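One point on numbering: in numbering that gives the first Met the number 0, the residue at position 155 of the sequence shown is 154, and numbering is uninterrupted.
Quick reminder that beta carbons are idealized off the backbone N, C-alpha and C, glycines included.
Keep in mind it's a predicted model, so treat the numbers as computed, not measured.
Everything below concerns the one structure shown next.
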Amino acid sequence: MPITISLSPNMQPDDLFIVFKTLFSPWRWSDGLINRKIVRLISSRLANRPTALVSSGRTAIYRTLEALNIGPGDEVIVQAFTCLAVPAPIIWRKAKPIFADINLSTYNFNLVDVAKKISPRTKAIIVQHTFGLAGPVKELRQLADQHHLTLIEDLSHCFGASLKDQALGTFGHVAILSFGRDKTISCVFGGAVASFDAAFIQRVEQKQAQLPSPPAWWVVQQLLHPLLMAIIIPLYFVGSLGKVLLVAAQKMKLLSMAVTKAEKQGHQPPFIDWQFSSALGFLLLNQLRKLSQFTTRRQTIAQRYFNRLPISKQISPLNKPNWLRVPVRVKNRSSLLSRAKQQHVLLGNWYDHPITPVTAKSSNFIGYVVGSCPQAELAAARTINLPTHPNLTDEQVDQIASIMSTARWARI
Numbered sequence: 000m001p002i003t004i005s006l007s008p009n010m011q012p013d014d015l016f017i018v019f020k021t022l023f024s025p026w027r028w029s030d031g032l033i034n035r036k037i038v039r040l041i042s043s044r045l046a047n048r049p050t051a052l053v054s055s056g057r058t059a060i061y062r063t064l065e066a067l068n069i070g071p072g073d074e075v076i077v078q079a080f081t082c083l084a085v086p087a088p089i090i091w092r093k094a095k096p097i098f099a100d101i102n103l104s105t106y107n108f109n110l111v112d113v114a115k116k117i118s119p120r121t122k123a124i125i126v127q128h129t130f131g132l133a134g135p136v137k138e139l140r141q142l143a144d145q146h147h148l149t150l151i152e153d154l155s156h157c158f159g160a161s162l163k164d165q166a167l168g169t170f171g172h173v174a175i176l177s178f179g180r181d182k183t184i185s186c187v188f189g190g191a192v193a194s195f196d197a198a199f200i201q202r203v204e205q206k207q208a209q210l211p212s213p214p215a216w217w218v219v220q221q222l223l224h225p226l227l228m229a230i231i232i233p234l235y236f237v238g239s240l241g242k243v244l245l246v247a248a249q250k251m252k253l254l255s256m257a258v259t260k261a262e263k264q265g266h267q268p269p270f271i272d273w274q275f276s277s278a279l280g281f282l283l284l285n286q287l288r289k290l291s292q293f294t295t296r297r298q299t300i301a302q303r304y305f306n307r308l309p310i311s312k313q314i315s316p317l318n319k320p321n322w323l324r325v326p327v328r329v330k331n332r333s334s335l336l337s338r339a340k341q342q343h344v345l346l347g348n349w350y351d352h353p354i355t356p357v358t359a360k361s362s363n364f365i366g367y368v369v370g371s372c373p374q375a376e377l378a379a380a381r382t383i384n385l386p387t388h389p390n391l392t393d394e395q396v397d398q399i400a401s402i403m404s405t406a407r408w409a410r411i
């Protein structure tokens, strides 16, 4: 069986059964009760903060900025070494992302650089807790309060993690969540916004209530993703069969892309203005109920890597991470990825550019200036991600560690 780091890696037999049943029960797709159950569970993980469901993590950022009245002329500080999905909603709001550098030991904000990037136009800071490693969130909150800024915690990598027994997502003014296909828990497409400010969440909910539900064809695409991956992944290295099936499914529009070509060119996707799909809620609720189990397993897998590889020389976590992925920096990344692939292991390369995915057009509209965040650029040149998803066996983890034993480890 191939080892993958993406392509709906969290899915288990009970999840697939729920998806299959939901796909053939379209009369259940407008069940509002399922959404209320999800909101209660998410809120319970975030100190009972009021929570609103949205269509994606990108939508969560967009709705947050919208509710904060952030728009033309405003700036939002984000870290380099991130996904296009973070700065893009800022640009869709006609505001400007300002990139701050990272510390290599945490893959999160360098506080000194954040402070330098604050200007009279700055309205918010988004901290992403990369890979589940906590950012310097207490210090960022102090900095935000000092300058009357909103601190937004991005929990896309770290939902379920904590810092000194306090849940990440409860340090800032607002938390946004993503339940995309490769996140800590997944329903293929989905997101949420949480805040201690009930009036703020009410504004988000009021906007969401005005939006249409996603079209049925799009819902079917998302429900098909885990089902088709359960077929494609085992066949991925059987000649070219799995790869052909994957490309065919994408060309036939049976599968959606995580980030579309239009998004890479700066265009706002239509799902920003759709409600969260209750059809995906059945899967999300099941995954939410397994979050603690998933987190424990990810931490166990990470410790197994740490026991076999010199990762601790590169990373100094501020917390006990939930480890969405385990990042390592090596000097021979290409050869290691190739060697792993020869053994039917697909490792990750988040992020191989300071803002990923990158194209000529995305570089232009995102506005990242090469050389402005040198540590992020160094990380982007050397980082490989090791998978931690809960379906990995100990034997598979050991196989990955064996592959990585030939790494030329970067000192920085």
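*asked:* Going by DSSP, what residue range makes up the alpha helix (DSSP H) through S291?
replied: L290 to R307
*Based on the DSSP secondary-structure assignment, which residues constitute the bridge partners of K319?*
S161
*Opening and closing residue of the beta strand (DSSP E) in which P326 lies*: R324 to R328
*Between the Cα of L162 and those of L40, N321 and N306, spot the shortest distance and give me the residue it belongs to.*
N321
*Would you call E394 buried or exposed, if buried means 16 or more other Cβ atoms sit within 10 Å of its Cβ?*
exposed
*asked:* Closer than 8 Å is the cut-off here; do at least three beta carbon pairs connect the stretch 123-130 with the stretch 138-157?
replied: yes
*Out of F188, Q398, A257 and L167, state which residue places its alpha-carbon closest to the alpha-carbon of L45.*
L167
*Give the DSSP-derived three-state secondary structure of S337 in the structure shown.*
helix
_With 16 other Cβ atoms within 10 Å as the buried cut-off, status of V111_ = exposed
*Measure the CB-CB distance between Q274 and Q207 and report whether it falls below 7 Å.*
yes
*Do P213 and S277 have their C-beta atoms within less than 7 Å of each other?*
no
*Secondary structure at P386, three-state DSSP: helix, strand or coil?*
strand
*Determine, using beta carbons only, whether D100 and A409 come nearer to each other than 7 Å.*
no
*According to DSSP, is N34 helix, strand or coil?*
helix
_Measuring only the C-alpha atoms, how far is N107 from T21?_
38 Å
_Please classify W91 as buried or exposed, where buried requires at least 16 neighbouring CB atoms within 10 angstroms._
buried
*Flag this pair as touching only if the stretch 365-382 and the stretch 72-82 have three or more C-beta atom pairs under 8 Å; answer yes or no.*
yes
*Looking at the unbroken alpha helix (DSSP H) that takes in G429, where does it start and where does it end?*
Shown here, the chain extends from 0 to 411; a query on residue 429 therefore has no answer.
*Which residues mark the beginning and the end of the beta strand (DSSP E) in which K182 is found?*
Counting along the chain, K182 falls outside any beta strand (DSSP E), and DSSP gives it neither H nor E.
_Taking 7 Å as the limit between beta carbons, can you name the residues of its chain near R202, skipping five residues before and five after?_
A66
*asked:* Quick check: what's the CA-CA separation for V258 versus A84?
replied: 8 Å
*asked:* Let's see if you can read the secondary structure: which residues bound the beta strand (DSSP E) around T418?
replied: What is shown of the chain runs 0 to 411, which leaves residue 418 out entirely.
*Measuring CB to CB, does I175 end up less than 7 Å from H146?*
no
*CB-CB under 8 Å to R381, same chain, minus the five flanking residues each way: which ones, in chain order?*
R328, V329, K330, R332 and A409
*Between L377 and T355, what straight-line distance do the alpha-carbon atoms span, to the nearest angstrom?*
14 Å
_Rounded separation between V136 and N109 - CA only_ = 11 Å
*Name the DSSP beta bridge partners of D153, please?*
I175
*Is Q313 helix, strand or coil by DSSP?*
coil
*Please work out which residues of its chain come closer than 8 Å, Cβ to Cβ, to L103, disregarding the five sequence neighbours upstream and downstream, and give them in chain order.*
Q313, R328, Q374, L377, A378 and I411
*Count the other CB atoms, across all protein chains shown, that sit within 10 Å of the CB of T405; report buried if there are 16 or more and exposed otherwise.*
exposed
*When Y61, I37 and K115 are compared against K93, the one with the closest alpha-carbon*: Y61
*Across which residues does DSSP place E425 in a beta bridge pair?*
There is simply no residue 425 to check, as the chain begins at 0 and stops at 411 in what is shown.
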